[in-house]
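In this note's numbering, the protein residues as written are 1 to 86.
Encoded as structure tokens, the structure appears first; notes follow it.
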């Protein structure tokens, strides 16, 4: 039986155009995605996000189902769940 720790998503590494990699908590990533989504026109969002009414719902859907968001030509925003060792 798989260990439930394998499915925890408490920390993420975030990769962004012209930025060094950053480590975010799940809450910090949620806020980052909400801010990024506000700057994108609704018609430019993926179809599955256009049908979600709340900004927080859109951001949470991305965290739960994806690891990247198209933010424009030549730009990227990617996130990957990581386990940080102490």
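We put the beta carbon where it would ideally sit given N, CA and C, even for glycine.
As the structure is a computational prediction, the values presented were derived from the model and not from experiment.
By DSSP, does residue 25 sit in helix, in strand, or in coil?
Reading the chain shown from its first residue, position 25 is the one you call residue 25. Reduced to three states, the DSSP call for residue 25 is strand.
Are the C-beta of residue 28 and some C-beta of chain B separated by less than 7 Å?
Although the question refers to chain B, the structure presented lacks it and comprises just one protein chain.
Rounded straight-line distance, which links the Cα of residue 13 to that of residue 68:
By 1-based counting over the chain shown, the position of residue 68 is 68. By 1-based counting over the chain shown, the position of residue 13 is 13. Distance from the CA atom of residue 68 to the CA atom of residue 13, rounded to whole angstroms, is 12 Å.
Consult DSSP for residue 75 and reduce its assignment to one of helix, strand or coil.
Translated into the one-based positions of the chain shown, residue 75 becomes position 75. Three-state DSSP puts residue 75 in coil, outside helix and strand.
Just curious, the alpha helix (DSSP H) that residue 55 is in, first and last residue?
Your numbering for residue 55 matches position 55 in the chain shown. Element bounds for residue 55: 55-65.
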